[in-house]
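Scroll down for the structure; my scribbles are underneath it.
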Amino acid sequence: MTPIVARTREELARARSKAGGTLALVPTMGALHEGHLSLMRQARRSADAVAVSVFVNPLQFGPGEDFDRYPRTFAADLEACAAEGVDFVFAPAREVMYPDEPQVTVRSGPMGEVVEGAARPGHFDGMLTVVLKLLNLVRPDVAIFGEKDAQQLAMIRRMVADLNVPVEVVGAPTVREPDGLALSSRNRYLSGPERRTALALSRALRAGADASASGPDAVLAAARTVLSEAEAADPPLALDYLVLVDPSAFTEITGRHAGRAVLAVAGRVGATHLIDNVPLQLGKEH
Numbered sequence: 000m001t002p003i004v005a006r007t008r009e010e011l012a013r014a015r016s017k018a019g020g021t022l023a024l025v026p027t028m029g030a031l032h033e034g035h036l037s038l039m040r041q042a043r044r045s046a047d048a049v050a051v052s053v054f055v056n057p058l059q060f061g062p063g064e065d066f067d068r069y070p071r072t073f074a075a076d077l078e079a080c081a082a083e084g085v086d087f088v089f090a091p092a093r094e095v096m097y098p099d100e101p102q103v104t105v106r107s108g109p110m111g112e113v114v115e116g117a118a119r120p121g122h123f124d125g126m127l128t129v130v131l132k133l134l135n136l137v138r139p140d141v142a143i144f145g146e147k148d149a150q151q152l153a154m155i156r157r158m159v160a161d162l163n164v165p166v167e168v169v170g171a172p173t174v175r176e177p178d179g180l181a182l183s184s185r186n187r188y189l190s191g192p193e194r195r196t197a198l199a200l201s202r203a204l205r206a207g208a209d210a211s212a213s214g215p216d217a218v219l220a221a222a223r224t225v226l227s228e229a230e231a232a233d234p235p236l237a238l239d240y241l242v243l244v245d246p247s248a249f250t251e252i253t254g255r256h257a258g259r260a261v262l263a264v265a266g267r268v269g270a271t272h273l274i275d276n277v278p279l280q281l282g283k284e285h
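When the count follows numbering that gives the first Met the number 0, it moves up by one through the sequence shown with no breaks and lands on 285 for the last residue.
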């Protein structure tokens with residue numbers, strides 16, 4: 000059955016009321032793929048009803064980024080939501096989300112200025128602002144986010160805790176294509192040769208994970224070896240960062256460290272910005 004489509008706040012309120020019971024929200028920017036579908040399945044396991052939001056948020060795109068060419072495939076997205084039994088889809092226009100130019104927004108703080116935030120200044124301010132607006136508008140009991148965007152997930156959890164937002168935040172594992180590339184709406188931008196180069200991101204993460212028993216330096220060295228080859232490939236990988244960080248604060252791990260960590264990488268192949276990460280366990284926790 001085709002989900003209810005709510006485009007205004009009034010339609011959203013009616014859809015939310017009709018859903019009844021507990022509600023899980025999957026926020027997306029559309030161009031849905033198997034990774035998004037896995038979030039919907041997690042949402043179904045987490046609540047009585049499932050909502051998906053589809054909104055390409057202008058606040059989280061910087062100058063020169065791909066806002067205008069970001070894929071918009073709403074008809075196909077709606078079919079995917081129907082196949083997964085989604086109860087309603089919130090697909091607001093820009094003027095519904097931002098009736099006026101926003102003056103009061105969420106500031107991401109120090110966590111938003113490192114790693115991906117350093118590569119894309121202001122990105123996390125815009126992301127957190129729209130997520131908070133969506134949580135306030137939809138009022139879900141549970142919100143589902145992918146672990147592929149590990150820094151985003153960590154920051155949303157911190158915002159929810161710091162601002163006492165009454166929602167449970169659930170992370171769902173990264174979904175990969177058969178060749179190892181993490182699923183992303185931006186993968187469709189890649190040409191064949193660009194995709195071959197992009198596979199170095201997941202290979203580097205696997206190499207780093209395989210070296211985790213030997214400590215942080217070995218993890219980074221193993222990953223860098225793979226990425227160095229990709230930087231010399233044709234077409235080349237333009238590396239933005241490779242970091243080993245604490246998964247809750249995204250501060251870099253140096254020296255001896257035992258416990259959970261995230262090895263995160265990002266780079267550009269052609270005009271396409273790609274990110275990936277893998278969770279690690281370093282050493283033995285006492």
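We put the beta carbon where it would ideally sit given N, CA and C, even for glycine. In this text the structure is predicted, and so the values were computed from the model without any measurement.
If we ignore side chains and look at the alpha-carbon of each, how far apart do residue i and residue j end up?
i              : j             : result
lysine 147     : glutamine 102 : 30 Å
threonine 216  : proline 2     : According to the sequence shown, residue 216 is aspartate rather than threonine. Rounded to whole angstroms, aspartate 216 to proline 2 spans 49 Å at the Cα level.
glycine 19     : arginine 44   : 16 Å
isoleucine 252 : arginine 187  : 33 Å
histidine 285  : glutamine 150 : With a pLDDT of 45 at histidine 285, under the threshold of 50, the modelled position of this residue cannot be trusted, and the question is left open.
glycine 63     : glutamate 193 : 20 Å
aspartate 124  : serine 227    : 32 Å
arginine 8     : arginine 93   : 12 Å
leucine 182    : threonine 173 : 8 Å
Taking Cβ to Cβ, would you say residue i is nearer than 8 Å to residue j?
i                : j                 : result
alanine 221      : glycine 207       : yes
phenylalanine 89 : alanine 30        : no
valine 137       : arginine 156      : no
alanine 46       : valine 105        : no
glycine 145      : glycine 34        : yes
serine 154       : glycine 111       : It should be pointed out that residue 154 corresponds to methionine in this sequence rather than to serine. Cβ atoms of methionine 154 and glycine 111: closer than 8 Å.
valine 113       : phenylalanine 249 : yes
valine 242       : alanine 212       : no
proline 234      : valine 261        : no
leucine 236      : threonine 196     : yes
leucine 38       : isoleucine 143    : yes
leucine 6        : valine 95         : In the sequence as displayed, the identity of residue 6 is arginine instead of leucine. Result yes, Cβ atoms of arginine 6 and valine 95 sit closer than 8 Å.
serine 201       : arginine 175      : yes
valine 218       : alanine 210       : yes
Out of the options, point me to the one whose CA is closest to residue i's CA.
i             : options                      : result
alanine 75    : Leu36, Lys17, Asn135, Leu127 : Leu36
threonine 128 : Gly108, Ala118, Leu226       : Gly108
cysteine 80   : Asp178, Tyr97, His32, Ala12  : His32
I'd like to know whether the C-beta of residue i is nearer than 8 Å to at least one C-beta of chain B.
i           : result
proline 109 : The question asks about chain B, but that chain is absent: this structure has only one protein chain.
In chain order, what are the residue ranges of uninterrupted alpha helix (DSSP H) at least 4 long that sit wholly in the stretch 251-277?
none
What are the complete alpha helix (DSSP H) segments, minimum 4 residues, inside the stretch 145-169?
149-161
Which runs of the beta strand (DSSP E), 3 residues or longer, sit entirely within the stretch 71-115?
87-89
For a minimum of 3 consecutive residues, which ranges assigned as the beta strand (DSSP E) are wholly contained in the stretch 205-243?
none
Extract the residue ranges of the beta strand (DSSP E) inside the stretch 26-70, only unbroken runs of 3 or more that lie entirely within it.
48-53
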